[in-house]
Amino acid sequence: MVSMFACPFCRTVVRFQDEGYLCPECRRRYPLDDGIPNFSSRDHYWNHLAPDQMEFMLEITRSHGYRYAVENILGRFKDPELVRYALGANRADFRSVLPITSSCHVADLGAGWGAVACGLAPHCAQVTAMDTNPYTLRFLAMRAEQEGIGNISPVRIDPLDDSRLPFCDSTFDLVTMNGVLEYVGSATEAGSPFETQVRCLAECRRVLKPHGILYVGIENRFGYLYFLGTRDHNGLRYTSLMPRTLASAIARICKGEPYRTYTYSYSGYRRLLAEAGFRPPAAFIAVPNYRDPRFIVPADDNRAITYLVRRYAAYLRRRSWRWAARLLFGHTPAAVCGAMARALSDSFLLVAEAGR
Ligand SMILES: C[S@@+](CC[C@H](N)C(=O)[O-])C[C@H]1O[C@@H](n2cnc3c(N)ncnc32)[C@H](O)[C@@H]1O
Numbered sequence: 016m017v018s019m020f021a022c023p024f025c026r027t028v029v030r031f032q033d034e035g036y037l038c039p040e041c042r043r044r045y046p047l048d049d050g051i052p053n054f055s056s057r058d059h060y061w062n063h064l065a066p067d068q069m070e071f072m073l074e075i076t077r078s079h080g081y082r083y084a085v086e087n088i089l090g091r092f093k094d095p096e097l098v099r100y101a102l103g104a105n106r107a108d109f110r111s112v113l114p115i116t117s118s119c120h121v122a123d124l125g126a127g128w129g130a131v132a133c134g135l136a137p138h139c140a141q142v143t144a145m146d147t148n149p150y151t152l153r154f155l156a157m158r159a160e161q162e163g164i165g166n167i168s169p170v171r172i173d174p175l176d177d178s179r180l181p182f183c184d185s186t187f188d189l190v191t192m193n194g195v196l197e198y199v200g201s202a203t204e205a206g207s208p209f210e211t212q213v214r215c216l217a218e219c220r221r222v223l224k225p226h227g228i229l230y231v232g233i234e235n236r237f238g239y240l241y242f243l244g245t246r247d248h249n250g251l252r253y254t255s256l257m258p259r260t261l262a263s264a265i266a267r268i269c270k271g272e273p274y275r276t277y278t279y280s281y282s283g284y285r286r287l288l289a290e291a292g293f294r295p296p297a298a299f300i301a302v303p304n305y306r307d308p309r310f311i312v313p314a315d316d317n318r319a320i321t322y323l324v325r326r327y328a329a330y331l332r333r334r335s336w337r338w339a340a341r342l343l344f345g346h347t348p349a350a351v352c353g354a355m356a357r358a359l360s361d362s363f364l365l366v367a368e369a370g371r
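Letter by letter, the sequence shown follows residues 16 to 371 of the working numbering.
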C-alpha cells in the first residue's frame with residue numbers, strides 16, 4: 016500500500032508491511048501500536064496526568080466513555096477547569112478565521128486530548144492528529160470512535176524540536192498548532208528555543224501544500240495576566256516578561272533547568288514566522304483567550320477591539336481587574352485601545368500562508 020507517510024530520517028515514502036511501516040531506503044521500521052502508527056524514536060512526555068493515571072483513564076474511557084472519564088478523573092482529581100479544556104465545544108472555534116473547506120486535509124500538531132481535532136473534523140476531509148504522547152493518542156482514537164468521527168487519524172511523532180515529521184512534502188492544506196509552539200524548545204537543550212521554533216515551523220511549511228495555511232494559537236509574552244502574577248509555561252511567575260538570560264538564570268536556580276518555553280510579542284511572532292518562510296500573518300485576538308475562545312476579533316481592527324474590551328471589562332473576575340480595565344480602556348481613543356490590546360492581550364491567533 017502506498018502511503019502519505021515518509022521516513023522521518025531519510026524522507027523516503029514508507030511501505031505498509033507486516034503490521035507496520037517500512038522504509039525501503041534506510042530499512043527502519045515503524046510499528047502500529049494499538050493501531051496507531053508510531054514514528055517516534057525517543058520518549059517525550061507532557062500531560063496533565065502521569066502515565067499510570069493515564070492507563071487508568073484509558074480503562075475508564077473504554078468502559079464508561081470518554082466524557083465520563085474526563086469529567087470524573089481529569090476534572091475531579093486534577094482540575095475542574097480541565098473538563099472544559101478537554102471537551103469544550105468552542106475549543107476549535109478559531110476555524111472561523113481559517114479557509115477550511117470540506118476537502119481540506121488538516122494536520123493537528125500536538126493534539127493532546129483532541130478537542131481541536133474533534134472540533135475541526137466535521138468541517139474537513141481528514142484530520143491527522145499528531146502527538147508525542149501515546150496515551151492521549153489512544154484516548155483520542157477512542158474518543159473519535161465513541162463520537163462516531165471517522166476522519167481522524169492519530170499518529171505518534173518525535174518531539175517537534177528536531178524537525179522530522181513523518182510526511183511527504185506538500186501533504187496538508189492546513190497545519191494547526193494550538194498551545195504547542197511554546198513547548199517545542201523544551202524537549203531539547205540544543206540551540207536556542209528561537210532557532211528550535213523556527214526549525215519546527217519550517218518543517219510545518221515543508222509538509223504544507225503551496226499556499227497552505229498555518230494556524231498558531233499561543234500566549235502573548237507580555238499578556239496582562241503575566242503582569243498580574245499568572246504562572247508562565249515553566250511554572251514560574253514573571254519569567255516571560257524578563258530578558259531571556261535573566262529568565263534562564265532564575266529558572267536554573269528555581270527549577271534546575273534553563274528557560275526554554277519562549278513566547279513572543281505581536282511583532283516577535285511576525286519575525287518568527289517570517290524567519291520560517293511564512294508570509295506576514297493575519298493576527299486575531301480571542302476573548303478571554305485562545306484556549307477558550309468566546310469572541311474573536313482581528314488584531315488590527317481598533318474599533319472592534321475597543322468595543323470588545325470595554326464590554327468584556329465588566330465580566331472580569333476580580334474587582335481590581337475590572338477597575339484597571341475601565342481605567343485603561345474606558346475613555347481611551349480606539350487607536351490607543353487597539354495598540355494596548357495588541358501589546359497586552361492574553362494571547363494571539365496567528366494565521367500565516369506558506370511562502371514558496
Ligand atoms: C498544551 S497541550 C495542547 C493540546 C491541544 N493542541 C489543545 O489545544 O487542546 C500541548 C500538546 O503538545 C504536545 N507537545 C509538547 N511538546 C511537544 C514537542 N516538543 N513536540 C511535539 N509535541 C509536543 C504535548 O504532548 C501536548 O499534547
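For each residue, glycine too, the CB sits at the ideal point set by N, CA and C. Since the structure is predicted, the reported quantities are computational estimates derived from the model, not experimental observations.
(request) Compare the C-beta of D307 against all C-beta atoms of chain C and say whether one is closer than 8 Å. (result) Considering every chain present, this structure includes no chain C. It has just one protein chain.
(request) Would you grab the beta carbon distance between I306 and Y100 for me? Rounded to a whole angstrom, and I think it's under 8 Å. (result) The sequence shown places Arg at residue 306, not Ile. With 8 Å as the limit, R306 and Y100 qualify as a contact, their Cβ atoms being about 7 Å apart.
(message) Taking a contact to mean a Cβ-Cβ separation below 8 Å, would you say I228 touches V112 in this structure?
(response) Their beta carbons are not under 8 Å apart, which means I228 does not touch V112 by this criterion.
(request) Would you mind giving the Cβ-Cβ distance between I75 and A65, rounded to the nearest angstrom? I have them listed as a contact below 8 Å. (result) Not really, about 15 Å apart at Cβ, beyond 8 Å.
(message) ligand 1 and V131: does any heavy atom of the ligand fall closer than 7 Å to the residue's C-beta?
(response) yes
(request) Please determine, among A132, D173 and A104, the residue with the shortest C-alpha to C-alpha distance to Y45. (result) D173
(request) Using only the heavy atoms of ligand 1, determine whether one of them is closer than 7 Å to the beta carbon of L229. (result) no
(message) Assuming Y100 is part of the alpha helix (DSSP H), what are its boundary residues?
(response) E96 to L102
(request) Indicate, with yes or no, if ligand 1 has a heavy atom lying under 7 Å from the CB of D176. (result) yes
(message) Taking 8 Å as the threshold (C-beta atoms), are L155 and G194 in contact?
(response) no
(request) Using the Cα positions of A264 and P273, report the straight-line distance between them to the nearest angstrom. (result) The alpha-carbon atoms of A264 and P273 are separated by roughly 7 Å.
(message) If I measure Cβ to Cβ from A21 and keep anything under 7 Å in the same chain, skipping five residues before and after, which residues do I get?
(response) In chain order, T27, V28, V29, P181, F182 and C183 place their CB closer than 7 Å to the CB of A21, counting only its own chain and leaving out the 5 sequence neighbours on each side.
(message) Give me, in chain order, the residues of the same chain whose beta-carbon lies closer than 8 Å to that of S18; leave out the 5 immediate sequence neighbours on both sides.
(response) V28, V29, R30, F31 and Y36
(request) Check whether the region 48-68 touches the region 145-153, counting contact only when three or more Cβ pairs, one atom from each stretch, lie closer than 8 Å. (result) yes
(message) Considering only heavy atoms of ligand 1, does any lie closer than 7 Å to the CB of R77?
(response) Not under cutoff, so the answer is no.
(message) Please return the same chain residues whose Cβ sits closer than 8 Å to the Cβ of L135, not counting the five positions on each side in sequence.
(response) A107, R110, I115, V121, D123, V142 and T191
(message) Could you check whether the Cβ of H138 sits closer than 7 Å to any heavy atom belonging to ligand 1?
(response) no
(request) Note down the Cα distance separating N148 from F54, rounded to an integer number of angstroms. (result) When rounded, the separation of the alpha-carbon atoms in N148 and F54 is 12 Å.
(message) Check this for me: beta carbons of D361 and P303, under 8 Å apart or not?
(response) yes
(request) Please classify D58: is it buried, with 16 or more other beta-carbons within 10 angstroms of its beta-carbon, or exposed? (result) Answer is exposed; the Cβ neighbour count stays below 16.
(request) Pull up the distance between the alpha-carbon of P169 and that of A144, whole angstroms please. (result) 5 Å
(message) Taking 8 Å as the threshold (C-beta atoms), are L251 and A266 in contact?
(response) yes
(message) Just to confirm my understanding: we take C38, look at its own chain, exclude 5 residues before and 5 after, and list those with CB closer than 7 Å. What are they?
(response) C22, C25, T27 and V29
(message) I need the straight-line Cα distance from M16 to S78, nearest angstrom please.
(response) Model confidence at M16 stands at a pLDDT of 45, short of 50, so the residue's coordinates are unreliable; what they give is reported in the following sentence. Answer to the nearest angstrom: the Cα atoms are 34 Å apart.
(request) For A65, name the three-state secondary structure that DSSP assigns. (result) coil
(message) Rounded to the nearest angstrom, what separates F237 and C119 at their Cα positions?
(response) 34 Å
(message) Using CA atoms only, rank isn't needed, just tell me which of F71, T276 and R285 is closest to T203.
(response) T276
(request) Identify, in the order they occur along the chain, each residue of the same chain with its Cβ nearer than 6 Å to the Cβ of N317, setting aside the five sequence neighbours on each side. (result) A349, A350 and G353
(message) What does the Cβ neighbour count give for C215, buried or exposed, with the cut at 16 atoms within 10 Å?
(response) buried
(request) Go ahead and pull the three-state DSSP assignment for A140. (result) Coil at A140, not helix or strand.
(message) Is the beta carbon of P225 closer than 8 Å to that of A329?
(response) no
(request) Kindly list the residues whose CB is nearer than 7 Å to the CB of A358, restricted to its own chain and excluding five residues on each side of it in sequence; keep chain order. (result) F237
(request) May I ask you to report which of helix, strand or coil DSSP gives V195? (result) coil
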